[in-house]
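Residue numbers (our numbering): 469 to 591.
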């Protein structure tokens with residue numbers, strides 16, 4: 469109670485774009501936002517733009533949204549794998565490579581000159 473006002477107790481809220489929760493990880497929200505932005509890039513810029521431009525848009529918008537607030541994350545192996553999988557999904561799409569092509573992640577990163585998202589976050 470503050471100044472005769474009852475303060476509601478909650479288990480989940482957002483503060484400055486960062487989820488503070490007992491149950492749901494902020495990483496889940498960030499991955500969802502990252503995937504939404506990448507979906508918009510795919511839908512709106514499909515084949516109209518070259519891959520370098522789409523990659524720059526990805527780096528400026530989606531990657532920045534994903535990394536916002538990542539300083540506070542405790543990255544365990546499984547969460548790191550989910551981040552890497554989300555990154556590889558968009559990079560494969562930009563290059564027109566499917567999983568059936570059996571292309572290694574490192575070779576895809578070299579072609580797009582992208583750094584591993586987990587390593588970027590840990591720096």
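Just so you know, even glycine gets a beta-carbon here, dropped at the ideal spot from N, CA and C.
Proximity of residue i and residue j at Cβ, strictly below 8 Å
i, j, result
"residue 568", "residue 576", "no"
"residue 535", "residue 495", "no"
"residue 560", "residue 499", "no"
"residue 525", "residue 509", "yes"
Rounded Cβ spacing between residue i and residue j (contact assumed at less than 8 Å)
i, j, result
"residue 553", "residue 503", "Rounded, the Cβ-Cβ distance is 11 Å, inconsistent with contact."
"residue 580", "residue 523", "6 Å"
"residue 589", "residue 543", "7 Å"
Environment of residue i [buried if 16+ CB atoms lie within 10 Å]
i, result
"residue 506", "buried"
"residue 532", "exposed"
"residue 528", "exposed"
Minimum C-alpha distance to residue i - residue among the options
i, options, result
"residue 591", "579, 538, 573", "538"
"residue 540", "478, 474, 493", "493"
"residue 519", "484, 558, 583, 573", "558"
"residue 481", "573, 497, 471", "497"
Inter-residue spacing [alpha-carbon to alpha-carbon] between residue i and residue j
i, j, result
"residue 571", "residue 513", "24 Å"
"residue 516", "residue 476", "50 Å"
"residue 501", "residue 530", "8 Å"
"residue 574", "residue 484", "35 Å"
"residue 556", "residue 479", "33 Å"
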